[in-house]
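**Q** Numbering (UniProt numbering), first residue to last: 1 to 303.
C-beta atoms are modelled at their ideal positions from N, C-alpha and C, and glycine is treated no differently.
Owing to the predicted nature of the structure, the values given are computational and were not obtained by experimental measurement.
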Ligand code: DOR
C-alpha cells in the first residue's frame, strides 16, 4: 500500500481524491454505496445565500464527447445547508470543502461569514459557474473582479480559501495570480468549458439555456494543460479537475502539478468512480515502487 496522504493549504487529506462540487450533492445517495470516510474529501454543491431552483430543463445532456450542463446553481441556500446537510457531512471523517457562489460580493461574504462559525474544513469560492446571468463566471473572467471578490471573502473567513477557476478565459494563469495576490490559499481548476449542441431536426439547442458547461474525458487534455501552466505560475497548491476518470488520469493530473484531484462527470457514469480511482492510483504507485503519492506532484519533465 502506497501512502496516499496529501496536504493542501495546511489541511491533511488521507488521499487526494475529492468528488467535485455538484456531482455528489451532499453525499446522501453515495453514503449508501460506500463509506464516505474512504474519500480524501467532499466538495459540496455550490451554496448561495437564498434557495435557488436553477435554470429550466432540459439542463443536462449527454453527448458522445461528454456531458453538457446548464443547471444554474440549484441549491437549498446556506441556511438549509447549515441546518440539514453540514452536521451529517461533518460526521463522515473526511475533509469537507463547502463550495459557495453568489450574485454579488456581499452575498459571498455573508455565506463565508456563516461558514466561518462552523467546523467546515475549507471554503471553495466558485467564481466560474458558466450558467448564471449574475455573478458566477462574471467574477472569474477578469483579473480585477477575481481579485476583488477573493480579497473580500478572504477578509470574511479564517478557513483555508480555495478559489475555483474558469477555463473560459484568455489567460487562466493571470486570473490564478490575481486570486493568489488577493489571499487565496489554493486554486481549483477547471470548471466546465462552455459548449453547445443543436438538435438538427427542430433546430433548437439541446439545452434550454442554449449553451452550457462541458465536462468529461474530452476536457481532460485542456485541464491537464491548464493545471500545468497554473502550477508553474503560482506558489499556492493547485487542485486539478476536468475529465479525470481513472487512477492513471489522476496520476497524470498530479504530475502536471495538482496536489489533489476532483472527480466530476465520471461519477455520473460510475457512482463508485472516486473509490475505484483511489484503488487504481494505489495499484499504479505500488507497481512503480513509489512509496508516497506526494513524490509525483509536479514531476512532469517538459521536453
Ligand atoms: O458547470 C457548472 N455547473 N459549473 C458550476 O460552477 C455550476 C454548475 C451549475 O449549477 O450550473
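1. Around the C-beta of residue 291, are 16 or more other C-beta atoms found within 10 angstroms, so that it is buried, or is it exposed?
2. Quick one: any contact between the region 240-251 and the region 277-289, if contact means 3 or more CB pairs under 8 angstroms?
3. What does the Cβ neighbour count give for residue 23, buried or exposed, with the cut at 16 atoms within 10 Å?
4. Run the proximity test for residue 143: is its beta-carbon closer than 6 angstroms to any non-hydrogen atom belonging to the ligand DOR?
5. For residue 211, which residues in the same chain have their Cβ closer than 8 angstroms to its Cβ, ignoring the five residues on either side in sequence?
6. By DSSP, does residue 217 sit in helix, in strand, or in coil?
7. In whole angstroms, what separates the C-alpha of residue 58 from that of residue 227?
8. What is the C-beta distance between residue 161 and residue 183, in whole angstroms, given that I count them as a contact (C-beta under 8 angstroms)?
9. Residue 268 lies in the beta strand (DSSP E); which residues open and close that run?
10. Given residue 20, which residues of its chain have a CB within under 7 angstroms of its CB, disregarding the five upstream and five downstream residues?
11. Cβ of residue 129 within 6 angstroms of any heavy atom in the ligand DOR?
12. What are the residues that DSSP puts in a beta bridge with residue 62?
13. Using alpha carbons as the reference points, say which of 244, 254, 255 lies closest to residue 269.
14. Using 8 angstroms as the cut-off, can you tell me whether the region 81-92 makes contact with the region 208-222, which would need three or more C-beta pairs spanning the two stretches below that distance?
15. Which residues share a DSSP beta bridge with residue 75?
16. From what residue to what residue does the beta strand (DSSP E) around residue 259 run?
17. Who pairs with residue 125 in a beta bridge, going by DSSP?
18. Starting from the C-beta of residue 81, find all residues in its chain whose C-beta is less than 6 angstroms away, skip the five residues before and the five after it, and write them out in chain order.
19. Sorry if obvious, but does the Cβ on residue 199 come closer than 6 angstroms to a heavy atom of the ligand DOR?
20. Starting from the N-terminal side, write out each stretch of the alpha helix (DSSP H) that is 4 residues or longer and does not extend beyond the region 129-154.
21. Return yes when the Cβ of residue 198 is within less than 7 angstroms of the Cβ of residue 259, no when it is not.
22. Quick check on residue 273: does DSSP put it in helix, strand or coil?
23. For the ligand DOR, is there a heavy atom less than 6 angstroms away from the beta-carbon of residue 71?
24. How would you label residue 97, buried or exposed, when you count the other beta carbons within 10 angstroms and need 16 or more for buried?
25. Using only alpha-carbon positions, find the residue among 62, 223, 102, 185 that is nearest to residue 72.
26. Spatial neighbours of residue 223 within its chain, please: C-beta separation below 8 angstroms, excluding the five flanking residues on both sides.
27. DSSP state of residue 9, grouped into three classes?
28. With a threshold of 7 angstroms on Cβ separation, who are the neighbours of residue 163 within its own chain once the five nearest residues in sequence on each side are excluded?
29. Nearest CA to the CA of residue 231: which residue from 176, 272, 277?
30. Quick one: what does DSSP say residue 110 is sitting in, helix, strand or coil?
**A** This is what the structure holds:
1. By the 10 Å Cβ count, residue 291 comes out exposed.
2. At 8 angstroms Cβ cutoff, the stretches touch.
3. Around the beta carbon of residue 23, a 10 Å sphere encloses 16 or more other beta carbons of the protein chains shown; the residue is thus reported as buried.
4. No, the Cβ of residue 143 stays beyond 6 angstroms of every heavy atom of the ligand DOR.
5. Contacts found: 70, 130, 194, 195, 196, 205.
6. Of the three classes helix, strand and coil, the one that applies to residue 217 here is helix, per DSSP.
7. Approximately 31 angstroms between the Cα atoms of the pair.
8. The Cβ separation is near 7 angstroms, so the contact holds.
9. Careful: residue 268 lies outside any beta strand (DSSP E), inside the alpha helix (DSSP H) at 266-269.
10. The beta carbon of residue 20 lies closer than 7 angstroms to those of 43, 241, 262, 263, 264 in the same chain, with the five residues before and after it left out.
11. Under cutoff, so the answer is yes.
12. For residue 62, the beta-bridge partners assigned by DSSP are 67.
13. Checked all of 244, 254, 255; the closest Cα to residue 269 is 244.
14. Three or more beta-carbon pairs separated by less than 8 angstroms are not found between the region 81-92 and the region 208-222, which leaves the two stretches without contact.
15. For residue 75, which the question treats as bridged, DSSP gives the partners 52.
16. It spans 258-263 - the beta strand (DSSP E) in which residue 259 sits, taken as one unbroken run.
17. BP columns for residue 125 point to 100, 163.
18. Shown here for residue 81: same chain residues with a beta carbon closer than 6 angstroms to its own, the five before and five after excluded, namely 47 in chain order.
19. No, the Cβ of residue 199 stays beyond 6 angstroms of every heavy atom of the ligand DOR.
20. List check, alpha helix (DSSP H) in window: nothing returned.
21. No, Cβ-Cβ distance for residue 259 and residue 198 is not below 7 angstroms.
22. In this structure, residue 273 counts as helix in the three-state DSSP scheme.
23. The answer is yes for residue 71.
24. Residue 97 counts as buried, since at least 16 other C-beta atoms from the protein chains shown sit within 10 angstroms of its C-beta.
25. Minimum Cα-Cα distance from residue 72 among the listed residues 62, 223, 102, 185 corresponds to 102.
26. Cβ-Cβ distances below 8 angstroms link residue 223 to 167, 189, 190, 240, 241, 242, 243, 244, 253 in the same chain, with the five nearest sequence neighbours on each side left out; the list follows chain order.
27. When secondary structure is reduced to three states using DSSP, residue 9 falls in the coil class, being assigned neither helix nor strand.
28. Answer for residue 163: 125, 127, 150, 179, 184, 187, listed in chain order.
29. Answer by Cα proximity: 176.
30. Assignment of residue 110 by DSSP, reduced to helix, strand and coil, places it in the helix class.
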